[in-house]
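Trainee: In mature numbering (1 follows the signal peptide of the UniProt record, and there is no 0), the protein residues as written are -23 to -1, 1 to 465.
1. Once the 5 residues before and after residue 86 are set aside, which same chain residues still bring their CB inside 8 Å of it?
2. Note the first and the last residue of the continuous beta strand (DSSP E) segment covering residue 372.
3. Is the segment 335 to 344 touching the segment 118 to 128, taking contact as three or more C-beta pairs under 8 Å?
4. Leaving aside the five residues before and after residue 421 along the sequence, list all residues of the same chain whose C-beta is less than 8 Å from its C-beta, in chain order.
5. Leaving out five residues on either side along the sequence, give the residues of the same chain with a beta carbon under 6 Å from the beta carbon of residue 397.
6. Assign residue 286 to buried or exposed, taking buried as 16 or more other Cβ atoms, counted over all protein chains shown, within 10 Å of its Cβ.
7. Is the CB-CB distance between residue 143 and residue 259 below 7 Å?
8. Roughly how many angstroms separate the alpha carbons of residue 220 and residue 91, rounded to a whole number?
9. Which residue wins for smallest C-alpha separation from residue 458, given the options 328, 438, 417, 444?
10. Rounded to the nearest angstrom, how far is the Cβ of residue 172 from that of residue 306, given a contact under 8 Å?
11. Short check: CB of residue 96 to CB of residue 406, under 7 Å?
12. Would a C-beta distance cut-off of 7 Å place residue 296 and residue 253 closer than the cut-off?
13. I need the straight-line Cα distance from residue 147 to residue 380, nearest angstrom please.
14. Leaving out five residues before and five after residue 470 in sequence, what residues of the same chain have Cβ atoms less than 6 Å from its Cβ?
15. Assuming residue 279 contacts residue 402 (C-beta within less than 8 Å), just tell me the rounded distance between them.
16. Closer than 8 Å is the cut-off here; do at least three beta carbon pairs connect the segment 127 to 136 with the segment 432 to 442?
17. At which residues does the beta strand (DSSP E) containing residue 400 begin and terminate?
18. Could you pull the DSSP bridge partners for residue 253 from this structure?
19. Report yes if the CB atom of residue 52 is closer than 7 Å to the CB atom of residue 383, and no otherwise.
20. When the Cα atoms are used, what is the spatial distance from residue 446 to residue 430?
21. Give me whichever residues DSSP pairs with residue 178 in a beta bridge.
22. Once you ignore the five residues that flank residue 468 on each side, which residues in its own chain have a CB closer than 7 Å to its CB?
23. DSSP three-state call for residue 92: helix, strand or coil?
24. Since residue 425 and residue 23 should fall inside the 8 Å C-beta cutoff, what is the C-beta to C-beta distance between them, to a whole number of angstroms?
25. When DSSP builds the beta bridges, which residues end up paired with residue 345?
26. Around the C-beta of residue 49, are 16 or more other C-beta atoms found within 10 angstroms, so that it is buried, or is it exposed?
27. Let me know the alpha helix (DSSP H) ranges lying completely inside the segment 259 to 301, each 4 residues or longer, listed in chain order.
28. Under the rule that 16 or more other beta-carbon atoms within 10 Å means buried, what is residue 391, buried or exposed?
29. Are there 16 or more other CB atoms within 10 angstroms of the CB of residue 321, so buried, or fewer, so exposed?
30. Within 10 angstroms of its Cβ, does residue 312 collect 16 or more other Cβ (buried), or is it exposed?
31. May I have a chain-ordered list of the beta strand (DSSP E) segments no shorter than 3 residues that lie completely inside the segment 96 to 180?
32. Note down the Cα distance separating residue 110 from residue 263, rounded to an integer number of angstroms.
33. Would you kindly report the start and end of the unbroken alpha helix (DSSP H) that includes residue 18?
34. Nearest by alpha-carbon distance to residue 210: which of 93, 453, 282 is it?
35. Where does residue 451 fall in DSSP's three states?
36. Can you tell me which of 454, 442, 325, 271 puts its alpha carbon nearest to the alpha carbon of residue 30?
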């Protein structure tokens, strides 16, 4: 992905990955507290109660939303201001026009550097300046853009809430491992528990990207003369570290964020993603990923545990899926966490998932899913939902019962809403079979397949929605690797 720092790829990938709804520059106090009417309105836009949750939970949860998306597509009723291309394209156009020169000394300097490129031939600009200057501009673009779209105070409150959810979900996974005597011998268990204990929720990359003051200071160290040659400018970019005084307290931070090898980590903050970093044994959730319907400070915890709590559980389990069990706490590959005996039992359990998914067809295309290619993601989905659910139950115990009812949806319990928002956060519309077929060749299943199979494998889900045995959402044959401990 590092080649993306040429101009065309920079624009293209960022446009694809930035999503609507990043927030505003000022905090609305109403966005920091539980809002029952707001929650009711959002559910009304999604849930289709004409569909039985035991027949098709995805359609039950997403039905109205999917129908609305289809109608808008058919009528070409699309608000251009909400399009990804429009939003970031506007930002880039503004930068190229110098619109931000009076708002940021750093962007003003970068604008002048690009202006020097434009004085050269188009070919030379594309081949040299596009790569050199725009790579150098990564931190400036990301920090300035994020601070325009995200309120730093609000995102810090959200990260604080997610840190608490992470701790609770991680603790539930530890309990699962401790009880798996049928799968893990003492040696394997000790290694896995040690890796879980050292696993952390990492926000440093986002903290750096959101530090606009740091960004301005780091670019301020760099010397640029509009009369210098391109060769001199390129040499100065290469030797950026030499411009930072040894006495500067932010020297190491500037070296990190301005380093070409770390540009990906900084730029990732404008990618809507969450991931587990194998080599560091950390979970990262990008700030633009923290948005409705995945998360909101206005939501009940049933919603937040069901969506981003699930995501956190999913990423935790990646450290212990079919790939993760072959990496130690330092991310060293080919260092097995499992003994030979435990590995045999582990593989037997994962084979169930592979066979189950291989024999399941994607509805739109009729093509069988690839259980081998998607195995790691499927393991993470199936265990992630369980440990997030158990963490939510612990939360309910802590508060002494149910959360407040949602107007118009009083008949749903907190646990039912947990699963509803899990599915709602994965609602996705496309009628393009080419897109679906391409996704079937990736390591992530189409959204509906993820929801349906994950919940169909989870017995507590079918109990909560009272799905009879043998129904679509409660098949008799289920797969399970990280089984929940007894009495659950």
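Backbone N, C-alpha and C define an ideal beta-carbon position, used for all residues, glycine too.
Mentor: This is what the structure gives:
1. Position 109 of the chain shown, counted from the first residue, corresponds to residue 86. Once the five neighbours on either side are set aside, the close Cβ partners of residue 86 are 196, 199, 201.
2. Numbered from its first residue, the chain shown carries residue 372 at position 395. Here residue 372 belongs to no beta strand (DSSP E); instead the alpha helix (DSSP H) covers 352 to 376.
3. Judged by Cβ distances under 8 Å, the segment 335 to 344 makes no contact with the segment 118 to 128, as fewer than three pairs qualify.
4. Numbered from 1 along the chain shown, position 444 holds the residue referred to as residue 421. For residue 421, where only same-chain residues beyond five positions count, the Cβ hits under 8 Å are 351, 354, 427.
5. Your numbering for residue 397 matches position 420 in the chain shown. Within the same chain, residue 397 has close Cβ partners 38.
6. Residue numbering aside, residue 286 sits at position 309 when the chain shown is read from its first letter. It counts as buried.
7. Numbered from 1 along the chain shown, position 166 holds the residue referred to as residue 143. Numbered from 1 along the chain shown, position 282 holds the residue referred to as residue 259. Taking 7 Å as the Cβ cut-off, residue 143 and residue 259 do not qualify as a contacting pair.
8. Stepping through the chain shown from its first residue, residue 220 is reached at position 243. Stepping through the chain shown from its first residue, residue 91 is reached at position 114. Approximately 20 Å, taken between the alpha carbons.
9. Locating residue 458 in the chain shown gives position 481, counting from the first residue. Nearest of 328, 438, 417, 444 to residue 458, Cα basis: 328.
10. Within the chain shown, residue 172 is the residue found at index 195, counting from 1. Within the chain shown, residue 306 is the residue found at index 329, counting from 1. 5 Å between Cβ atoms; contact.
11. Here residue 96 is taken as the residue at index 119 of the chain shown, counted from 1. Here residue 406 is taken as the residue at index 429 of the chain shown, counted from 1. No, the Cβ-Cβ distance between residue 96 and residue 406 is not below 7 Å.
12. For the purposes of this step, residue 296 is taken as residue 319 along the chain shown, with counting starting at 1. For the purposes of this step, residue 253 is taken as residue 276 along the chain shown, with counting starting at 1. Cβ distance < 7 Å, so residue 296 and residue 253 count as in contact.
13. As a working mapping, residue 147 is identified with position 170 in the chain shown. As a working mapping, residue 380 is identified with position 403 in the chain shown. Going from the Cα of residue 147 to the Cα of residue 380 covers about 23 Å.
14. Residue 470 falls outside the range modelled here, since the chain spans only -23 to 465, and no answer is possible.
15. If you number the chain shown from 1, residue 279 lands on position 302. If you number the chain shown from 1, residue 402 lands on position 425. At roughly 12 Å, the Cβ-Cβ gap does not stay under 8 Å, so residue 279 and residue 402 are not in contact.
16. no
17. As a position in the chain shown, residue 400 is number 423, starting the count at 1. That residue, residue 400, is in no beta strand (DSSP E); its alpha helix (DSSP H) goes 391 to 401.
18. Taking the chain shown and counting its residues from 1, one reaches residue 253 at position 276. BP columns for residue 253 point to 260.
19. Translated into the one-based positions of the chain shown, residue 52 becomes position 75. Translated into the one-based positions of the chain shown, residue 383 becomes position 406. For residue 52 and residue 383, no; Cβs fall outside 7 Å.
20. Position 469 of the chain shown holds residue 446. Position 453 of the chain shown holds residue 430. Each residue's Cα considered, the two are about 15 Å apart.
21. Taking the first residue of the chain shown as position 1, residue 178 is located at position 201. Bridge partners of residue 178: 260.
22. Outside the displayed range of the chain (-23 to 465) lies residue 468, so it cannot be described from this structure.
23. Taking the chain shown and counting its residues from 1, the one referred to as residue 92 is at position 115. Shown here, residue 92 sits in a helix according to DSSP, grouped into three states.
24. In the chain shown, counting from the first residue as 1, residue 425 sits at position 448. In the chain shown, counting from the first residue as 1, residue 23 sits at position 46. Beta-carbon to beta-carbon, residue 425 and residue 23 are separated by about 14 Å, too far to satisfy the 8 Å threshold.
25. Here residue 345 refers to the residue found at position 368 of the chain shown. DSSP lists 338 as partners of residue 345.
26. The residue labelled residue 49 in the question sits at position 72 within the chain shown. Exposed, by the Cβ-count rule.
27. 278 to 281, 287 to 295
28. Along the chain shown, one-based indexing puts residue 391 at 414. Buried, since its Cβ has 16 or more Cβ neighbours within 10 Å.
29. Taking the chain shown and counting its residues from 1, one reaches residue 321 at position 344. It is exposed - the Cβ of residue 321 has fewer than 16 other Cβ atoms within 10 Å.
30. On the chain shown, residue 312 is found 335 positions in, with the first residue counted as 1. That one is exposed.
31. none
32. Against the chain shown, residue 110 aligns to sequence position 133. Against the chain shown, residue 263 aligns to sequence position 286. Taking the straight line from one Cα to the other gives about 25 Å.
33. Your numbering for residue 18 matches position 41 in the chain shown. Here the alpha helix (DSSP H) through residue 18 covers 13 to 21.
34. Numbered from 1 along the chain shown, position 233 holds the residue referred to as residue 210. If we check each option's Cα against that of residue 210, 93 comes out closest.
35. By one-based count along the chain shown, residue 451 stands at place 474. Of the three classes helix, strand and coil, the one that applies to residue 451 here is strand, per DSSP.
36. As a position in the chain shown, residue 30 is number 53, starting the count at 1. Nearest of 454, 442, 325, 271 to residue 30, Cα basis: 442.
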